[in-house]
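What follows is a set of notes on a single structure, which appears directly below.
Residue numbers (this note's numbering), protein chains in the order written: chain A, 62 to 226; chain B, -13 to 377.
This is the structure in structure tokens:
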């Protein structure tokens, strides 16, 4: 397995940030400590020899009942190296993540979706609202303790008149 | 001094030109858009949550319902991700046929885009031409898969079955005829002065913005960025075929139109190469008995095969623990699947990376400062499918 340039450079620059580097099926995943997230992503983006400038995807995974419970996964692509890189951070329930929407504009909607589905809040996000579900919805569906059929499966739909809103 | 006032209007969710249930909240200064806020989610069915309760082979059918204009591409992306997780090879014949299906599907999706996009802007004739060929493609796909929109034909490890004898001659006939048909569309639009006035320098997006917003597919390439998953991370033997990646320069609606038309020509080229090179052989990796059900013929004759088939379909298989991301270049952009497996027959997490979702995220950037009449052209040019955005 060829070593990952980004992993080596990160270890040199932020020795205490890198928790784990995994290679699986040809992909590289680096787990970093949450407080270094912004610095690491900025470094990966701006470093001449790496240039991971595109945030392809950002999502969460719920490992309930593990602690810390959630994992945030940032998938980066470098046009220059033609390589992908997964950056993972662990985050507990109730913790707030740092928004990266000023580094990658794509994160603006992706973070809203993570908030919508997992209830993870992002600090300094310009407009953190639900994106796919309605504002009145309660609960976070992609959490493992959210029932598949929803909380109100057996209830009839309530009719909300305009004047009652 | 008079007070400056903006008018807020709702465009959608029921609007013929928003291609589904997209709602745009537009703040207008006269006819100029000051701020645009897309509201999505009207078509949310919870596909990601649902798939966590299904086995890997069951979840395949949900992928048909994402980008319903190119269901076979979705099947392909999902199967590639699962195959990557399982670490199994797919026979060459199946890989080549997958490429052919994906490219036919791309042509069908692009034709649907061309028809509706032109119709939105007011060029109605194109619709009749483009739908004629789209119908031919859908008939060809129906011949193999038995379905027009929800085939679920590409399966984990290969294909559901081999192609019928009548299939290849039909494809050959189509491939020979199609370039002439694209010429016909071009005579209607490419040098059409009205078309150019409605599309040139409308809703431009710079290359840097595209990358920052995570925009992929024809929209990204129209801005001059060379990124095509088929070239960057070749899958399903795309490296065996010779094709170009068309690029634009200005990144406006017109360039996106040109890029897509050129892409159809390239798809046609790929299909004709598949026709030439298509090898004989099995259509699925039946050697991976742990994961791939035996051929249907065996199931009716051999009791062991029947049991294995039953176990695989009812219980599902147990993949190794791990996480993979695999993506394809669908007609809209990079369609990726990120799967986290805990070793059980159901995925712990199945994340769909929909191209349209991120492409739509850049819409406010494209249209702010533009005229309200151009919103329609901009939406059409991104080629969104709400089934994929809302999941």
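Here a beta-carbon is modelled for each residue, glycine too, at the ideal position from N, C-alpha and C.
When the cut-off is 7 Å and only beta carbons count, does residue 223(A) lie next to chain B?
On the first chain, position 162 is the one that residue 223(A) refers to. It does not: the Cβ of residue 223(A) has no partner Cβ on chain B nearer than 7 Å.
Note down, in chain order, each residue of its chain lying with its Cβ closer than 8 Å to the Cβ of residue 344(B), except the 5 sequence neighbours on either side.
As a first step, residue 344(B) is located in the second chain; it is residue number 358 there, counting from the start. Once the five neighbours on either side are set aside, the close Cβ partners of residue 344(B) are 199, 200, 201, 202 and 319.
Can the beta-carbon of residue 216(B) be found less than 7 Å from the beta-carbon of residue 315(B)?
Along the second chain, read from residue 1 onward, the residue named residue 216(B) stands at position 230. Along the second chain, read from residue 1 onward, the residue named residue 315(B) stands at position 329. For residue 216(B) and residue 315(B), yes; Cβs fall inside 7 Å.
Tell me the DSSP bridge mates of residue 140(A)?
Taking the first chain and counting its residues from 1, the one referred to as residue 140(A) is at position 79. Answer is none; residue 140(A) lacks a bridge partner.
Exposure of residue 219(A), with buried meaning 16 or more beta-carbon neighbours within 10 Å
Position 158 of the first chain holds residue 219(A). Residue 219(A) is exposed by the Cβ-count criterion.
Kindly examine the ligand MN and report whether one of its heavy atoms sits closer than 6 Å to the Cβ of residue 291(B).
What this structure holds is no ligand at all, so the ligand MN is not there to describe.
Please confirm if residue 113(B) has its CB atom under 7 Å from at least one CB of chain A.
Walking along the second chain from the start, residue 113(B) turns up at place 127. Judged by the 7 Å Cβ criterion, residue 113(B) is not in contact with chain A.
Buried or exposed, going by whether 16 or more other CB atoms sit within 10 Å of the CB of residue 276(B)?
Position 290 of the second chain, counting from 1, holds the residue named residue 276(B). So residue 276(B) counts as exposed.
Could you pull out every residue in the same chain whose Cβ sits closer than 7 Å to the Cβ of residue 64(B), ignoring the five residues on either side in sequence?
Position 78 of the second chain holds residue 64(B). Cβ within range, chain order: 46, 49 and 323.
Can you list the alpha helix (DSSP H) stretches of 4 or more residues lying completely in the stretch 308 to 359 of chain B, in chain order?
341 to 347 and 349 to 353
Compute the Euclidean distance between the alpha carbons of residue 161(A) and residue 66(B), then round it to the nearest angstrom.
Taking the first residue of the first chain as position 1, residue 161(A) is located at position 100. Taking the first residue of the second chain as position 1, residue 66(B) is located at position 80. Answer to the nearest angstrom: the Cα atoms are 30 Å apart.
Please report the distance separating the alpha-carbon of residue 197(A) from that of residue 180(A).
Translated into positions along the first chain, residue 197(A) becomes position 136. Translated into positions along the first chain, residue 180(A) becomes position 119. Approximately 14 Å between the Cα atoms of the pair.
Would the beta-carbon of residue 95(B) fall within 7 Å of that of residue 56(B)?
Against the second chain, residue 95(B) aligns to sequence position 109. Against the second chain, residue 56(B) aligns to sequence position 70. Closer than 7 Å, so yes.
Comparing the C-beta of residue 62(A) with each C-beta of chain B, is any distance below 7 Å?
In the first chain, the residue the question calls residue 62(A) occupies position 1. Residue confidence for residue 62(A) is low, a pLDDT of 42 falling below 50, so the modelled location carries little weight; the figure read from the coordinates is stated next. Answer no: the Cβ-Cβ gap between residue 62(A) and chain B never drops below 7 Å.
With 7 Å set as the bound, which would you pick, yes or no: does the beta-carbon of residue 118(A) sit closer than that to a beta-carbon of chain B?
Position 57 of the first chain, counted from the start, is the residue given in the question as residue 118(A). Yes, because at least one Cβ of chain B sits closer than 7 Å to the Cβ of residue 118(A).
Nearest to residue 372(B) by CA position, among 341(B), 111(B) and 155(B), is which residue?
Taking the second chain and counting its residues from 1, the one referred to as residue 372(B) is at position 386. With distances taken between Cα atoms, residue 372(B) lies closest to 341(B).
DSSP three-state call for residue 143(B): helix, strand or coil?
Within the second chain, the letter at position 157 stands for residue 143(B). Here residue 143(B) sits in coil by DSSP.
Select from 191(A), 167(A), 149(A) and 177(A) the residue whose C-alpha is nearest the C-alpha of residue 80(A).
Against the first chain, residue 80(A) aligns to sequence position 19. Minimum Cα distance to residue 80(A) is reached at 149(A).
For the beta strand (DSSP E) containing residue 121(A), list its first residue and its last residue.
Numbered from 1 along the first chain, position 60 holds the residue referred to as residue 121(A). Note, residue 121(A): beta strand (DSSP E), 115 to 123.
Give me the subset of the stretch 64 to 98 of chain B whose CB atoms are less than 9 Å from a CB atom of chain A, sorted by chain position.
70, 71 and 73
For residue 251(B), which of 229(B), 239(B), 269(B) and 237(B) has the nearest alpha-carbon?
The residue given as residue 251(B) occupies position 265 in the second chain. Residue 251(B) has its Cα closest to that of 229(B), out of 229(B), 239(B), 269(B) and 237(B).
With burial defined as no fewer than 16 other Cβ atoms inside 10 Å of the residue's Cβ, what is the status of residue 363(B): buried or exposed?
Working through the second chain from its first residue, we reach residue 363(B) at position 377. When all chains shown are included, residue 363(B) counts as buried.
Kindly indicate which three-state DSSP category residue 9(B) falls into: helix, strand or coil?
For the purposes of this step, residue 9(B) is taken as residue 23 along the second chain, with counting starting at 1. In this structure, residue 9(B) counts as strand in the three-state DSSP scheme.
Should the stretch 67 to 87 of chain B be called in touch with the stretch 236 to 255 of chain B, which here means at least 3 C-beta pairs below 8 Å?
no
Relative to the alpha-carbon of residue 143(A), which residue among 66(A), 222(A) and 71(A) has its alpha-carbon at the smallest distance?
Counting from 1 along the first chain, the entry for residue 143(A) is found at position 82. Looking at the Cα atoms, 66(A) is the closest of the given residues.
List the residues of chain B whose Cβ lies closer than 7 Å to the Cβ of residue 143(A), in chain order.
Locating residue 143(A) in the first chain gives position 82, where the first residue counts as 1. What residue 143(A) touches in chain B: 218.
Straight-line gap, residue 255(B) to residue 163(B) (C-alpha atoms, nearest Å)
On the second chain, residue 255(B) is found 269 positions in, with the first residue counted as 1. On the second chain, residue 163(B) is found 177 positions in, with the first residue counted as 1. Whole-angstrom Cα-Cα distance: 12 Å.
Show which residues of chain B have a CB atom less than 9 Å away from the CB atom of residue 109(A).
Looking up residue 109(A) in the first chain gives position 48. Under the 9 Å cutoff, chain B gives no residues; its nearest Cβ is about 16 Å from residue 109(A).
Using a Cβ-Cβ cut-off of 7 Å, state whether residue 347(B) counts as contacting chain A.
As a first step, residue 347(B) must be located in the second chain, where it is residue number 361. Yes, its Cβ sits closer than 7 Å to a Cβ of chain A.
When the cut-off is 7 Å and only beta carbons count, does residue 167(A) lie next to chain B?
Sequence index remark: in the first chain, residue 167(A) carries index 106 (1-based). Yes, its Cβ sits closer than 7 Å to a Cβ of chain B.
Taking the beta carbon of residue 77(B) as the centre, do at least 16 other beta carbons fall within 10 Å, making it buried, or is it exposed?
In the second chain, counting from the first residue as 1, residue 77(B) sits at position 91. So residue 77(B) counts as buried.
Alpha-carbon to alpha-carbon, residue 140(B) and residue 39(B)
One-based indexing of the second chain puts residue 39(B) at position 53. One-based indexing of the second chain puts residue 140(B) at position 154. Those two C-alpha atoms are separated by around 21 Å.
Kindly list, in the order they appear in chain A, the residues whose Cβ is closer than 7 Å to that of residue 335(B).
Translated into the one-based positions of the second chain, residue 335(B) becomes position 349. Residues of chain A passing the Cβ test: 122.
In the stretch 180 to 206 of chain A, which residues sit with their C-beta less than 9 Å from some C-beta in chain B, listed in chain order?
188, 191, 192, 193, 194, 195, 202, 203 and 205
For residue 146(A), which three-state DSSP category applies?
In the first chain, counting from the first residue as 1, residue 146(A) sits at position 85. Here residue 146(A) sits in strand by DSSP.
Got a sec, what are the start and stop residues for the beta strand (DSSP E) residue 96(A) sits in?
Here residue 96(A) corresponds to residue number 35 of the first chain, with the count starting at 1. Counting along the chain, residue 96(A) falls outside any beta strand (DSSP E), and DSSP gives it neither H nor E.
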